[in-house]
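Participant: I have a structure I would like to understand better, so I am pasting it below and will then ask my questions one at a time.
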Amino acid sequence: MFPAEHLSAEALNQRAKALGGCNQDILERSLYALTLLGHLVDSGLPFVFKGGTSLLLHLPQVRRLSIDVDIVCGEKPEAVNEVVARIGQQAPFTRVEEDDRQHRDLPQRRHFKFFYRSAIGS
């Protein structure tokens with residue numbers, strides 16, 4: 007998780023320049039995705055972190071930013087709902103909504119959108 011000062015417009019601008027002029031909106035979303043990951047770890051929910059964002063933690067140099075958190079979790083939906091709702095109320099998040107994308111095939115998937123106050127107005 008990142009301290010609030012790392013998510014300020016000035017800090018995002020500096021980090022975007024340091025990363026070769028990457029898009030500040032994508033950078034901000036990436037930092038919030040990693041903040042979400044930290045909250046998930048702190049929640050005690052057992053899960054496996056996978057996907058593009060997980061690669062950021064394994065590669066020595068950032069080559070591509072990712073804005074989502076993909077996890078595999080074997081817990082019951084009610085347990086996941088409880089953790090997601092709690093995280094959606096924790097700073098820096100302001101709310102969370104389930105995003106029903108009408109997946110009907112296996113494996114079962116669920117998507118959630120976490121909202122926050124953007125420092126750069128996105």
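In the working numbering, the protein residues as written are 7 to 128.
A virtual CB, placed ideally from N, CA and C, is assigned to each residue, including glycine.
How many whole angstroms separate the CB atoms of Q30 and A39, which I take to be in contact at a CB cut-off of 8 Å?
Facilitator: The Cβ separation is near 15 Å, so there is no contact.
Participant: Are at least three pairs of beta-carbons, each pair with one atom in the segment 42-57 and one in the segment 76-95, less than 8 Å apart?
Facilitator: yes
Participant: Take the Cβ of E81 as the centre, count every other Cβ of all protein chains shown within 10 Å, and call the residue buried at 16 or more, exposed below.
Facilitator: exposed
Participant: Which parts of the segment 42-72 are runs of the beta strand (DSSP E), unbroken and 3 residues or longer, counting only runs that do not cross its ends?
Facilitator: 54-56
Participant: What do you reckon, are the CB atoms on L71 and S14 nearer than 8 Å?
Facilitator: no
Participant: Helix, strand or coil for R101 per DSSP?
Facilitator: strand
Participant: With a CB to CB cut of under 7 Å and the five nearest residues on each side skipped, what residues in its chain are close to R115?
Facilitator: H109
Participant: Consider the Cβ of V47: report whether some Cβ of chain C lies at a distance smaller than 8 Å.
Facilitator: Protein chains in the displayed structure number just one, and chain C is not present.
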